[in-house]
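Reviewing the structure listed below.
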Amino acid sequence: MVIARVAMPMRRIAVLTIVLALFSAPVSAEGEKMFYPAGSSEITIIGEPAHVGDQLTASILVSNRGSDPGYVRLVLTDLSGSNLSIGEDVLISPGSSREVSAHLTPASAGALELNWDVSSEDGEISSALSGSFEVQVLESQALGLSFDSVQWTLSDGLDCQISASLTEGKERAVNVSISLINQGVSPRGSEVPDDIRPGTEAVVHRSGAARGRARLSDPRGEWLDFVELRYELNVADQLDIPLD
Numbered sequence: 699m700v701i702a703r704v705a706m707p708m709r710r711i712a713v714l715t716i717v718l719a720l721f722s723a724p725v726s727a728e729g730e731k732m733f734y735p736a737g738s739s740e741i742t743i744i745g746e747p748a749h750v751g752d753q754l755t756a757s758i759l760v761s762n763r764g765s766d767p768g769y770v771r772l773v774l775t776d777l778s779g780s781n782l783s784i785g786e787d788v789l790i791s792p793g794s795s796r797e798v799s800a801h802l803t804p805a806s807a808g809a810l811e812l813n814w815d816v817s818s819e820d821g822e823i824s825s826a827l828s829g830s831f832e833v834q835v836l837e838s839q840a841l842g843l844s845f846d847s848v849q850w851t852l853s854d855g856l857d858c859q860i861s862a863s864l865t866e867g868k869e870r871a872v873n874v875s876i877s878l879i880n881q882g883v884s885p886r887g888s889e890v891p892d893d894i895r896p897g898t899e900a901v902v903h904r905s906g907a908a909r910g911r912a913r914l915s916d917p918r919g920e921w922l923d924f925v926e927l928r929y930e931l932n933v934a935d936q937l938d939i940p941l942d
């Protein structure tokens with residue numbers, strides 16, 4: 699009987715110790731976060747293959763698992779930690795997901811290594827909302843204009859063929875504008891959108907005047923201001939009678 703009275707308190711102490719250990723286990727810090735990736739935790743890069751002067755866009759879908767709305771932004775930094783691009787603040791409501799993005803325009807060719815992270819002053823960020831990526835930046839493309847042939851007749855006026863050339867790389871959207879020169883003034887002509895592929899493509903233009911201007915421009919203004927070429931003919935040399 700003496701042995702039984704001694705063993706019972708020992709059993710109660712052992713059970714009590716286990717219960718206290720379970721309740722005092724620390725809660726994971728990750729469970730207290732507010733913003734998480736919505737789906738994949740990989741950053742998406744839009745705009746590749748990229749040439750010098752092209753705009754790249756990095757984006758990721760972020761969800762708010764908290765109880766309050768909050769703002770987040772995407773920040774791109776180089777390997778030294780210097781900020782290269784800070785995206786706009788995006789408001790995410792509780793239970794919702796939104797795309798968060800930042801833009802970057804490479805200034806030199808070669809391998810571009812970047813770090814990214816989503817930041818916020820309104821709530822904690824999951825460690826999955828950060829990482830690094832690398833893109834290969836190609837040399838900038840060059841766009842040129844040249845006249846293949848220029849003819850003028852009294853009956854038909856001017857007939858010219860213009861070639862637009864684009865160096866190796868990706869296809870580009872351009873605006874083709876051809877205008878006439880009148881008393882030294884060349885107003886901007888109507889622009890026709892076109893897609894120029896690497897290589898040389900011909901653009902045919904007919905007009906009743908002997909002087910004019912051809913111009914190519916980038917409709918988005920991202921990689922080219924404009925390329926311009928002027929032409930002028932001595933019409934009198936092509937007629938049987940002199941012009942006043």
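The opening position of the sequence shown corresponds to residue 699 in the working numbering, with each subsequent residue numbered one higher.
Glycine included, every Cβ here is placed at the ideal spot set by N, Cα and C.
No experiment lies behind these values; they were computed from the predicted model shown.
Review point. Taking the alpha-carbon positions, what's the I790 to P735 distance?
Key: Each residue's alpha carbon lies about 12 Å from the other.
**Study point:** P804 to S761 span [Cα, whole Å]
**Key:** In this structure, the CA atom of P804 is about 29 Å from the CA atom of S761.
Review point. What do you get for F845, buried or exposed, if any count of 16 or more other CB atoms within 10 angstroms of its CB means buried?
Key: The residue is exposed, with fewer than 16 neighbouring Cβ atoms inside 10 Å.
Review point. What residues match up with L664 in a beta bridge as DSSP calls it?
Key: Residue numbering for the chain in the displayed model covers 699 to 942; residue 664 lies beyond these limits and cannot be assessed.
Review point. In chain order, what residues of the same chain have a beta carbon less than 8 Å from the beta carbon of V816, not counting five sequence neighbours either side?
Key: The answer, listed in chain order, is F733, I758, V760, V770, R771, L772, V773, V798, I823, L827, S828.
Exercise for review: Determine the closest residue to S739 out of Q849, S825, Q859, with distance taken between C-alpha atoms.
Suggested key: Measuring from the Cα of S739, the nearest candidate turns out to be S825.
Check your understanding: Taking C-beta to C-beta, are I741 and V833 nearer than 8 Å?
Key -> Contact check for I741 against V833 fails: the beta carbons are separated by 8 Å or more.
Check your understanding: Under 8 Å between the Cβ atoms of S780 and E811?
Key -> Judged by beta-carbon spacing, E811 lies beyond the 8 Å limit of S780, meaning their Cβ atoms are not closer than that value.
Practice item. Evaluate G808 with the Cβ neighbour count: other Cβ atoms within 10 Å of its Cβ, from every protein chain shown; 16 or more gives buried, anything less gives exposed. Key: Exposed is the call here.
**Study point:** Helix, strand or coil at P735 [DSSP, three-state]
**Key:** Correct three-state label for P735: strand.
Practice item. Starting from A809, follow its DSSP beta bridges and name the residues at the other end. Key: Paired residues: Q834.
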